[in-house]
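Protein chains: 2
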Amino acid sequence: MTVTLADVAARARVSPATVSRVLNGNYPVAASTRERVLRAVDDLDYVLNGPASSLAAATSDLVGILVNDIADPFFGIMAGATQTQIGGPGDGSGRAGGEKLAVICNTGGSPERELTYLTLLQRQRAAAVVLTGGAVEDPAHQAAMSAKLARLADAGTRIVFCGRPPLPDSDALAAALTFDNRGGGRRLTEHLISLGHRRIGYVAGPRERTTTRHRLEGHREAMRRAGLDVEAEGGGEGDGVRAGGDGAEPQLTVHGPYDRRSGYEATLELLRRAPDVTAIVAANDTVALGACAAVRDRGMRIPQDLSVAGFDDLPFSVDAVPALTTVRLPLFEAGARAGRIAMGKENPPPGGIATIAAELMIRGSTAPPRG
Amino acid sequence: MTVTLADVAARARVSPATVSRVLNGNYPVAASTRERVLRAVDDLDYVLNGPASSLAAATSDLVGILVNDIADPFFGIMAGATQTQIGGPGDGSGRAGGEKLAVICNTGGSPERELTYLTLLQRQRAAAVVLTGGAVEDPAHQAAMSAKLARLADAGTRIVFCGRPPLPDSDALAAALTFDNRGGGRRLTEHLISLGHRRIGYVAGPRERTTTRHRLEGHREAMRRAGLDVEAEGGGEGDGVRAGGDGAEPQLTVHGPYDRRSGYEATLELLRRAPDVTAIVAANDTVALGACAAVRDRGMRIPQDLSVAGFDDLPFSVDAVPALTTVRLPLFEAGARAGRIAMGKENPPPGGIATIAAELMIRGSTAPPRG
DNA sequence: ACAGCCGTAGCAAGCGCTTTCTATGGAGGG
DNA sequence: CCCTCCATAGAAAGCGCTTGCTACGGCTGT
Numbered sequence: 093m094t095v096t097l098a099d100v101a102a103r104a105r106v107s108p109a110t111v112s113r114v115l116n117g118n119y120p121v122a123a124s125t126r127e128r129v130l131r132a133v134d135d136l137d138y139v140l141n142g143p144a145s146s147l148a149a150a151t152s153d154l155v156g157i158l159v160n161d162i163a164d165p166f167f168g169i170m171a172g173a174t175q176t177q178i179g180g181p182g183d184g185s186g187r188a189g190g191e192k193l194a195v196i197c198n199t200g201g202s203p204e205r206e207l208t209y210l211t212l213l214q215r216q217r218a219a220a221v222v223l224t225g226g227a228v229e230d231p232a233h234q235a236a237m238s239a240k241l242a243r244l245a246d247a248g249t250r251i252v253f254c255g256r257p258p259l260p261d262s263d264a265l266a267a268a269l270t271f272d273n274r275g276g277g278r279r280l281t282e283h284l285i286s287l288g289h290r291r292i293g294y295v296a297g298p299r300e301r302t303t304t305r306h307r308l309e310g311h312r313e314a315m316r317r318a319g320l321d322v323e324a325e326g327g328g329e330g331d332g333v334r335a336g337g338d339g340a341e342p343q344l345t346v347h348g349p350y351d352r353r354s355g356y357e358a359t360l361e362l363l364r365r366a367p368d369v370t371a372i373v374a375a376n377d378t379v380a381l382g383a384c385a386a387v388r389d390r391g392m393r394i395p396q397d398l399s400v401a402g403f404d405d406l407p408f409s410v411d412a413v414p415a416l417t418t419v420r421l422p423l424f425e426a427g428a429r430a431g432r433i434a435m436g437k438e439n440p441p442p443g444g445i446a447t448i449a450a451e452l453m454i455r456g457s458t459a460p461p462r463g
Numbered sequence: 093m094t095v096t097l098a099d100v101a102a103r104a105r106v107s108p109a110t111v112s113r114v115l116n117g118n119y120p121v122a123a124s125t126r127e128r129v130l131r132a133v134d135d136l137d138y139v140l141n142g143p144a145s146s147l148a149a150a151t152s153d154l155v156g157i158l159v160n161d162i163a164d165p166f167f168g169i170m171a172g173a174t175q176t177q178i179g180g181p182g183d184g185s186g187r188a189g190g191e192k193l194a195v196i197c198n199t200g201g202s203p204e205r206e207l208t209y210l211t212l213l214q215r216q217r218a219a220a221v222v223l224t225g226g227a228v229e230d231p232a233h234q235a236a237m238s239a240k241l242a243r244l245a246d247a248g249t250r251i252v253f254c255g256r257p258p259l260p261d262s263d264a265l266a267a268a269l270t271f272d273n274r275g276g277g278r279r280l281t282e283h284l285i286s287l288g289h290r291r292i293g294y295v296a297g298p299r300e301r302t303t304t305r306h307r308l309e310g311h312r313e314a315m316r317r318a319g320l321d322v323e324a325e326g327g328g329e330g331d332g333v334r335a336g337g338d339g340a341e342p343q344l345t346v347h348g349p350y351d352r353r354s355g356y357e358a359t360l361e362l363l364r365r366a367p368d369v370t371a372i373v374a375a376n377d378t379v380a381l382g383a384c385a386a387v388r389d390r391g392m393r394i395p396q397d398l399s400v401a402g403f404d405d406l407p408f409s410v411d412a413v414p415a416l417t418t419v420r421l422p423l424f425e426a427g428a429r430a431g432r433i434a435m436g437k438e439n440p441p442p443g444g445i446a447t448i449a450a451e452l453m454i455r456g457s458t459a460p461p462r463g
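Quick mapping for you: the protein sequence lines, in order, are chains A and B. Here the first sequence is numbered in my numbering, starting from 93 and rising by one per residue. Here the second sequence is numbered in my numbering, starting from 93 and rising by one per residue.
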């Protein structure tokens, strides 16, 4: 029924071992023999049996890319970039060798699915795993992740974090490329402050994500440095976003998912709570778009009545009206680099971790507050 | 080093066969035995060896999803939806059974990569493959695809097209969910015509894609029905977009990739060629965004000076200013359905092919032409 | 009480490939 | 001219799992 290595061997009048060696291209094979084998492969339309191969060789050509939400271009761009360094012949290299199967796994932000995918990849003896985007800060989940990754790592799977802080004790196992979310957040808010804003609303992402926390910390650091109140903020914020008691959460911060709707509703809420805000910083560009819509629906103009800023600089941000002031993250470059590291084409950063700079993009959606 | 089935069997004091049967949940195993085995699995932290399993069973739990450009939400949304029906425990079902690994493969729109990915999936003996998005109409490539898919199909891989017309002779092998691009395109242009537009520019996608052709055909059909000139259009358009001779391509149509930049530049070109156009239809929403930017940069207002329309109704379209008139495609639903069919949870549509309706969304970016 | 069954468990034969070790033949050196 | 060595090819032993078939009690039915 299906063509096997043995069939090819028979047709080429060599042993299966030789065919295998031709296909894998390690081990010397006489040119004439190789040619004969290749012809047989072609004639028979032979396709290697991946599972059999992986079983015998104890390795596979699968590379997993974990993302929180593939419908979000933030992840789409990174994952696509990573894949360009890994998959198929598109990497411009010759035919043989790097024929890996780069696969994107959509966790939907769920810790369980994240773990499940890791198990599935472990089952497949994946060659590498790239984890993108913010992590969930639940200690139990982090412990489970660390354990899983440790097992993967010592089964020979290369681990790369991309746009994600390394796990507390994973330094040794994994290379990490993390975005300077804190710095970017700080500079963004500094920009607003320098424009003259004093009352700045913040539409944050989900509480338990590292990305959310880091961006928020940057924002608050800027506020604090400028001597501005972050309100009701218990002195020692510590390392958790969790508010100490009731109402400890600053009035000007609203949390929600990283989507448009959240931006819309949170902005309405913010405007209700504090009609005197003159600027709104959103957790990311998508949220910012929602915020803009809310502002407009309330009959206010951007930036004359209210400034709005985003984060990420996704492609559509420049097309918003007015164009969105935001913080540019080199998503494509980071993804590609992660891919290269996963493939062993590039060395991990010194110390295993590299921080990727975030660049402030000042555009039309921010301006000095009205008189 | 690594824990194997045999280790688990030894610990549970049963044969490997029994362990396998417990894990696969077919075949009767006494409750007490099962429990013992499960405990051993847990104690040993056993993870099935995927390749070995696939080899022995001659099937794998991989499901491939091919997309043209994962950075584009159009594909991200579909792929994510498909994955919800396939991957991990997220589908709400119990623990056992549907533990498939849904993987997204980014072809970048390249025919070679598409084929390569298919080969890679064939290597892995994928359980199913979902092909999304428009196809390339090159006959050689189509033939290669048909051949490849035929081989996949009779190796037991289920094939599903999603938002993609079936290949000429693949009807038997595959289920197809195709969008009514032609109808959507037609209704969109009819809307513009009913508003009073007569000179309508069209920013089309890449020439060789089915999606491009179908949307364009819908547009032209509407024009023709209204007795409007599509210009220089050779009578028998036949089945190819390819223009007969030089300049046979209508003046009001410009082709380009499905990206923002193309929309921007094509619009500028269109405005240069025909300053009297009163509306521009873009190949999709992303292109439309670029078109809007160009229009604005030329100092014109939307929709007062020029109407602009898109296609797809991606999430950001409603947030454009003014909100984009477009054609809504139920991307998520279609993707999810494709996933279900791929999993065998749902039957393929009768006749193997279903056309999915496209709904016209009239919003602020279109209005009657001036004067 | 015995034949026949049903419900469970084990045996063992692969699945298709990789890889170590061994075999072979001709070239080069003593 | 014989022996050694390199280059190349083959034999065969698995890799870890699935599954058809067999084995074995204890029941039921007559």
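Where a beta carbon is used, it is the ideal one built from N, C-alpha and C, also for glycine. Small disclaimer: the values here were computed from a predicted structure and weren't measured.
| Asked | Found |
| --- | --- |
| Quick one: what's got a C-beta closer than 8 Å to R462/A's C-beta in the same chain, skipping five residues either side? | T370, Q396, D397 |
| Under 6 Å Cβ to Cβ from G293/B, same chain only, skipping five residues before and after it: list those, please. | L344, L362, V369, I372 |
| Can you tell which of E438/A, A446/A, E451/A has the C-alpha that lies nearest to the C-alpha of F253/A? | A446/A |
| So the candidates are G355/B, A318/B, A434/B, A132/B; which of them puts its Cα closest to the Cα of A171/B? | A434/B |
| With DSSP run on the structure shown, which of helix, strand or coil describes A335/B? | In this prediction, A335/B scores a pLDDT of 38, lower than 50, which makes its location untrustworthy; the coordinate-derived value is nonetheless stated afterwards. Reduced to three states, the DSSP call for A335/B is coil. |
| For A148/B, count neighbouring C-beta atoms within 10 Å of its own C-beta (all shown protein chains included) and say buried if the count is 16 or more, exposed if not. | exposed |
| Indicate whether E229/B and T302/B have their beta-carbon atoms separated by less than 8 Å. | yes |
| Between which two residues does the alpha helix (DSSP H) carrying V114/A extend? | 108 to 116 |
| Check the DSSP bridge columns for Y209/A and list the partner residues they point to. | Answer is none; Y209/A lacks a bridge partner. |
| Any beta carbon of chain B sitting closer than 8 Å to that of A219/A? | no |
| Terminal residues of the continuous alpha helix (DSSP H) containing A401/B? | Not the alpha helix (DSSP H): A401/B falls in the beta strand (DSSP E), residues 399 to 401. |
| Under 8 Å, Cβ to Cβ, is there at least one residue of chain A near G348/B? | no |
| According to the Cβ coordinates, are G355/B and G391/B closer than 8 Å? | no |
| Could you work out which residue in Q175/B, A101/B, F166/B is closest to D351/B when comparing CA atoms only? | F166/B |
| Closer than 8 Å, CB to CB, is Q177/A near chain B or not? | no |
| Using the Cα positions of S145/A and L421/A, report the straight-line distance between them to the nearest angstrom. | 40 Å |
| Run down chain B in chain order and give the residues with a C-beta less than 8 Å from the C-beta of T458/A. | Near T458/A there are no residues of chain B at all, since even the closest Cβ is about 16 Å away, more than 8 Å. |
| Listed from N- to C-terminal order along the chain, which residues in the stretch 93 to 116 of chain A have their beta-carbon within a distance smaller than 7 Å of any beta-carbon of chain B? | T94 |
| Taking only beta-carbon positions, decide if T359/A is within less than 8 Å of chain B. | no |
| Can you tell me whether R312/A is buried or exposed, with buried defined as 16 or more other CB within 10 angstroms of its CB? | buried |
| Within 10 angstroms of its Cβ, does S124/B collect 16 or more other Cβ (buried), or is it exposed? | exposed |
| Find the nearest neighbour of L213/A within the set Q234/A, D261/A, D153/A, T174/A, judged by alpha-carbon distance. | D153/A |
| Could you check if T94/A is buried or exposed, using at least 16 other CB atoms within 10 Å of its CB as the buried criterion? | exposed |
| Anyone know if the C-beta pair for G277/A and G310/A falls short of 8 Å? | yes |
| Is R390/B helix, strand or coil when you go by DSSP? | coil |
| Can you give the beta carbon distance from Y209/B to L158/B, rounded, assuming they're within the 8 Å contact cut? | 6 Å |
| Compare the C-beta of T211/B with all C-beta atoms of chain A and state if any pair is closer than 8 Å. | yes |
| State the start and end residues of the unbroken alpha helix (DSSP H) segment that holds A173/A. | 165 to 176 |
| Starting from the Cα of D411/A, find the closest Cα among R388/A, S457/A, G443/A and give me that residue. | S457/A |
| For the pair the stretch 262 to 275 of chain B and the stretch 237 to 254 of chain B, tell me if three or more CB-CB distances fall below 8 Å. | yes |
| Should Q214/A be flagged as near chain B, meaning a C-beta pair shorter than 8 Å? | yes |
| Tell me which residue opens and which closes the beta strand (DSSP E) that G156/B is part of. | 154 to 159 |
| Anyone know if the C-beta pair for L140/A and R215/B falls short of 8 Å? | yes |
| Restricting to runs no shorter than 3 residues, where is the beta strand (DSSP E) found entirely within the stretch 221 to 267 of chain B? | 250 to 254 |
| Cβ of E451/B less than 8 Å from any chain A Cβ? | no |
| Considering only residues of the same chain and omitting the five flanking positions on each side of L360/B, which have a CB-CB separation below 6 Å? | A386 |
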